[in-house]
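Novice: Pasting in a structure now, in structure tokens, and then I'll have a few things to ask.
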Amino acid sequence: MSNTALVTGASVGTATLTAASGSVTGSTTVTVTQPTLVSLVITPANSSFALGTTQALKATGTYTDGSTLELTNSATWSTTNSGIATVSTQGVLSSVGLGSTSVSATSGSITGSTTVTVTPA
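Last residue of the sequence shown: 121 (the working numbering), numbering continuous.
So this is what it looks like as structure tokens:
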């Protein structure tokens, strides 16, 4: 007879688990929560693209349970130098001038960033 049990959460909520052996019983409460976002990665990372062109970026979030989810369209995008590149709400970069700039995607309190370089056409 085993003295351990494995509990798998089926949905968010709280449940009381009770075990009995003869006249002895014990119980505990288990709470299942939503996984929370812990990191955000932008791909392609550290990329270069030519002046006068565009480049699509992708934002992928990783959660506390190890799952991943594409957050490209729901993230808030920004660049540190809009004189080099601008970024749309869908993560599409447009080159404006030559040089490098940082691009960030934010979801909640989590931000991921990468550097992009605009090269001569």
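Note that the Cβ used here is the ideal one computed from N, Cα and C, for glycine as well.
Since the structure is predicted, the reported quantities are computational estimates derived from the model, not experimental observations.
How would you write the range of the beta strand (DSSP E) that Ser176 sits in, first residue to last?
Specialist: Because residue 176 is not part of the residues shown, which for the chain are 1 to 121, the question remains open.
Novice: Could you give the first and the last residue of the continuous beta strand (DSSP E) run that contains Leu37?
Specialist: Leu37 to Thr43
Novice: With which residues is Val12 paired in a DSSP beta bridge?
Specialist: Paired residues: none, contrary to the question.
Novice: Have a look at Val7 and Thr16 and give me their C-alpha separation to the nearest angstrom.
Specialist: Their backbone Cα atoms lie some 11 angstroms apart in a straight line.
Novice: Ignoring anything shorter than 3 residues or poking outside the stretch 54-102, list the beta strand (DSSP E) runs there in chain order.
Specialist: Restricted to the stretch 54-102, the beta strand (DSSP E) segments that are unbroken, complete and at least 3 residues in length are 54-56, 58-63, 68-70, 76-79, 85-87 and 92-95, listed in chain order.
Novice: Quick check on this structure: which residue in Asn46, Gly112 and Gln90 has the alpha carbon closest to the alpha carbon of Gly61?
Specialist: Gly112
Novice: Which value, in whole angstroms, describes the spacing of the CA atoms of Ala45 and Lys58?
Specialist: 10 angstroms
Novice: When DSSP labels each residue in this structure, what does Val121 get in the three-state scheme?
Specialist: Reading off the sequence, residue 121 comes out as Ala, not Val. Three-state result, Ala121: coil.
Novice: If you count every other CB in all the chains shown that lies within 10 Å of the CB of Gly108, and 16 or more means buried, which is it?
Specialist: exposed
Novice: In chain order, what residues of the same chain have a beta carbon less than 8 angstroms from the beta carbon of Gly13, not counting five sequence neighbours either side?
Specialist: Thr31 and Val32
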